[in-house]
Amino acid sequence: VTSASSLAVATTGLVGAPWIRRAHAAEFTYKVGTDLPASHPLNVRIQEAASAIKKETDGRMEIRVFPNNQLGGDPDMFAQLRAGALEFFTLSGANALSALVPKTAISGVGFAFKDYGQVFGALDGELGAHLRGLITKAGLVVQDKVWDNGFRQITSSTKPIASPTDLQGMKIRVPPGRLWISLFRALSAAPTSISFNEVYSSLQTKVVEGQENALAVVDTAKLYEVQKYCSLTSHMWDGFWFLGNRAAWEKLPANIRDIVSKNLNASALRQRQDVAQLNASLQKTLEGKGLKFNTPDLAPFREKLRTSGFYAEQKKFFGEEEWALLEKVTGKLA
Ligand code: X2X
Numbered sequence: 010v011t012s013a014s015s016l017a018v019a020t021t022g023l024v025g026a027p028w029i030r031r032a033h034a035a036e037f038t039y040k041v042g043t044d045l046p047a048s049h050p051l052n053v054r055i056q057e058a059a060s061a062i063k064k065e066t067d068g069r070m071e072i073r074v075f076p077n078n079q080l081g082g083d084p085d086m087f088a089q090l091r092a093g094a095l096e097f098f099t100l101s102g103a104n105a106l107s108a109l110v111p112k113t114a115i116s117g118v119g120f121a122f123k124d125y126g127q128v129f130g131a132l133d134g135e136l137g138a139h140l141r142g143l144i145t146k147a148g149l150v151v152q153d154k155v156w157d158n159g160f161r162q163i164t165s166s167t168k169p170i171a172s173p174t175d176l177q178g179m180k181i182r183v184p185p186g187r188l189w190i191s192l193f194r195a196l197s198a199a200p201t202s203i204s205f206n207e208v209y210s211s212l213q214t215k216v217v218e219g220q221e222n223a224l225a226v227v228d229t230a231k232l233y234e235v236q237k238y239c240s241l242t243s244h245m246w247d248g249f250w251f252l253g254n255r256a257a258w259e260k261l262p263a264n265i266r267d268i269v270s271k272n273l274n275a276s277a278l279r280q281r282q283d284v285a286q287l288n289a290s291l292q293k294t295l296e297g298k299g300l301k302f303n304t305p306d307l308a309p310f311r312e313k314l315r316t317s318g319f320y321a322e323q324k325k326f327f328g329e330e331e332w333a334l335l336e337k338v339t340g341k342l343a
């Protein structure tokens with residue numbers, strides 16, 4: 010098929026002009042897949058980094074962003090990343106990544122981090138370095154700075170969650186990953202693992218009553234259209250590691266790798282601010298869209314986790330060393 014634009018190029022005699030060709034075809038064109046809608050700061054800031062990377066490499070490196078599960082659900086994209094069909098992928102340590110590197114889920118332990126100071130104190134500090142070491146050992150590449158998803162809140166189409174009793178037997182969607190199932194079972198709910206690309210429809214068709222996510226996700230994925238209540242439980246923090254396929258990464262010259270890492274890590278820091286601001290201001294917006302909010306007393310939820318043996322079980326699962334790195338920042342949990 011001869012398109013109008015290629016005809017225009019041919020007739021103006023630019024085909025073969027080396028300076029033109031260089032501007033059009035990058036030497037390295039890599040994809041990054043994400044599970045969040047295009048308007049979420051995760052994608053906006055990755056796009057910002059991609060533009061800077063293209064400019065600073067004189068067009069040699071192009072990163073194309075595929076948001077919104079365009080390339081598949083999280084387990085699919087993770088398989089593509091490992092096979093080299095996808096060069097970059099952002100994935101939560103508690104999600105499908107934990108099927109390969111189980112210990113990365115430690116960042117999602119229920120009610121572990123009190124605030125963002127603790128979150129990034131741990132993940133920009135010793136715990137993060139330890140987890141990135143494990144990801145690297147498993148054969149993947151990971152950038153230093155973790156991207157923010159946020160503290161997760163529970164939404165439902167049936168009722169507000171005011172106390173742990175309200176969760177009893179509740180059919181709640183959780184992402185793929187052992188930790189989420191353990192957490193919600195310990196809270197006596199009935200969790201089901203569903204990839205994010207199927208969340209909206211499973212809420213709409215009432216396959217599940219509820220789900221849990223940060224407000225920026227509830228808003229950008231329009232979950233308020235299929236949910237009535239939002240309970241501010243902040244039951245866990247969640248974030249995305251920026252993962253790379255190792256062979257694809259090693260194909261890049263060292264100077265390009267440096268430019269890529271520098272820009273991704275700088276954009277991650279800005280993305281954290283965007284998400285923190287959004288999550289602090291979105292309650293009003295979402296109320297305007299019809300969601301009813303409540304702020305439960307969190308002490309009974311923590312108590313339920315303690316008495317059900319959740320922390321003791323997780324400590325055993327993650328191991329003494331990892332648990333100590335976590336508690337160094339959070340204080341005693343078990
Ligand atoms: O699947 C989810 O709920 C999401 C988008 O928050 C994650 O990637 C963990």
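Offset between the sequence shown (1-based) and the UniProt record's numbering: plus 9. Glycine included, C-beta positions come from ideal geometry on N, C-alpha and C.
Pairwise C-alpha distance: residue j and residue i
{"i": "residue 219", "j": "residue 34", "result": "46 Å"}
{"i": "residue 127", "j": "residue 116", "result": "11 Å"}
{"i": "residue 183", "j": "residue 240", "result": "16 Å"}
{"i": "residue 294", "j": "residue 180", "result": "26 Å"}
{"i": "residue 113", "j": "residue 258", "result": "21 Å"}
{"i": "residue 106", "j": "residue 299", "result": "34 Å"}
{"i": "residue 144", "j": "residue 310", "result": "31 Å"}
{"i": "residue 13", "j": "residue 227", "result": "At residue 13, the pLDDT of 44 sits below 50, so the modelled position is not reliable; the number obtained from the coordinates is stated separately. If you take the alpha carbons of residue 13 and residue 227, they lie about 42 Å apart."}
{"i": "residue 266", "j": "residue 82", "result": "27 Å"}
{"i": "residue 146", "j": "residue 163", "result": "34 Å"}
{"i": "residue 249", "j": "residue 102", "result": "7 Å"}
{"i": "residue 302", "j": "residue 330", "result": "39 Å"}
{"i": "residue 21", "j": "residue 56", "result": "Only weak support exists for where residue 21 lies, its pLDDT of 46 falling under 50; the value from the coordinates is given anyway. Rounded to the nearest angstrom, the two C-alpha atoms are 32 Å apart."}
{"i": "residue 231", "j": "residue 167", "result": "17 Å"}
{"i": "residue 17", "j": "residue 62", "result": "Because the pLDDT at residue 17 is just 42, under 50, the model does not fix this residue reliably, and the value given afterwards should be weighed accordingly. Rounded to whole angstroms, residue 17 to residue 62 spans 29 Å at the Cα level."}
{"i": "residue 138", "j": "residue 151", "result": "10 Å"}
{"i": "residue 84", "j": "residue 284", "result": "24 Å"}
{"i": "residue 11", "j": "residue 208", "result": "Because the pLDDT of residue 11 is 41, which lies under 50, any placement of that residue in the model is unreliable, and the question is left without a value."}
CB-CB length for residue i against residue j, believed under 8 Å
{"i": "residue 161", "j": "residue 49", "result": "Going by Cβ atoms, the distance from residue 161 to residue 49 rounds to 15 Å, so no, they are not a contact pair."}
{"i": "residue 314", "j": "residue 119", "result": "5 Å"}
{"i": "residue 97", "j": "residue 252", "result": "7 Å"}
{"i": "residue 185", "j": "residue 202", "result": "5 Å"}
{"i": "residue 153", "j": "residue 274", "result": "5 Å"}
{"i": "residue 65", "j": "residue 268", "result": "5 Å"}
{"i": "residue 238", "j": "residue 169", "result": "4 Å"}
{"i": "residue 213", "j": "residue 165", "result": "No, residue 213 and residue 165 are not in contact; Cβ-Cβ is about 14 Å, not under 8 Å."}
Spatial neighbours of residue i in its chain, beta-carbon cut-off 7 Å, leaving aside the 5 residues before and after
{"i": "residue 76", "result": "43, 45, 46, 47 and 52"}
{"i": "residue 280", "result": "50, 51, 54, 156 and 157"}
{"i": "residue 109", "result": "147"}
Check: residue i C-beta below 7 Å from any heavy atom of the ligand X2X
{"i": "residue 52", "result": "no"}
{"i": "residue 74", "result": "no"}
{"i": "residue 210", "result": "no"}
{"i": "residue 44", "result": "yes"}
{"i": "residue 184", "result": "yes"}
{"i": "residue 85", "result": "no"}
{"i": "residue 226", "result": "yes"}
{"i": "residue 222", "result": "yes"}
{"i": "residue 101", "result": "yes"}
{"i": "residue 247", "result": "yes"}
{"i": "residue 120", "result": "no"}
{"i": "residue 254", "result": "no"}
Beta-carbon proximity list for residue i, same chain, < 6 Å, skipping 5 on both sides
{"i": "residue 36", "result": "69"}
{"i": "residue 332", "result": "324"}
{"i": "residue 15", "result": "Residue placement at residue 15 is poorly supported in this model, since its pLDDT is 44, which falls under 50; the coordinates are not used for a value here."}
{"i": "residue 188", "result": "103, 114 and 117"}
{"i": "residue 276", "result": "54, 57 and 58"}
{"i": "residue 140", "result": "113"}
{"i": "residue 229", "result": "46, 48 and 49"}
Cβ shell of residue i (< 8 Å), same chain only, five flanking positions each side left out
{"i": "residue 288", "result": "159, 160, 223, 224 and 225"}
{"i": "residue 339", "result": "121, 122, 123, 127 and 131"}
{"i": "residue 39", "result": "70, 71, 72, 73, 96, 97 and 257"}
{"i": "residue 261", "result": "37, 70 and 269"}
Inter-stretch contact at 8 Å, needing at least 3 Cβ pairs: the segment 156-176 / the segment 88-95: no
Stretch pair the segment 311-319 + the segment 194-203: three plus CB contacts closer than 8 Å: Three or more Cβ pairs closer than 8 Å define a contact, and the segment 311-319 meets that threshold against the segment 194-203.
The segment 97-110 touching the segment 252-264, judged by at least three CB pairs closer than 8 Å: yes
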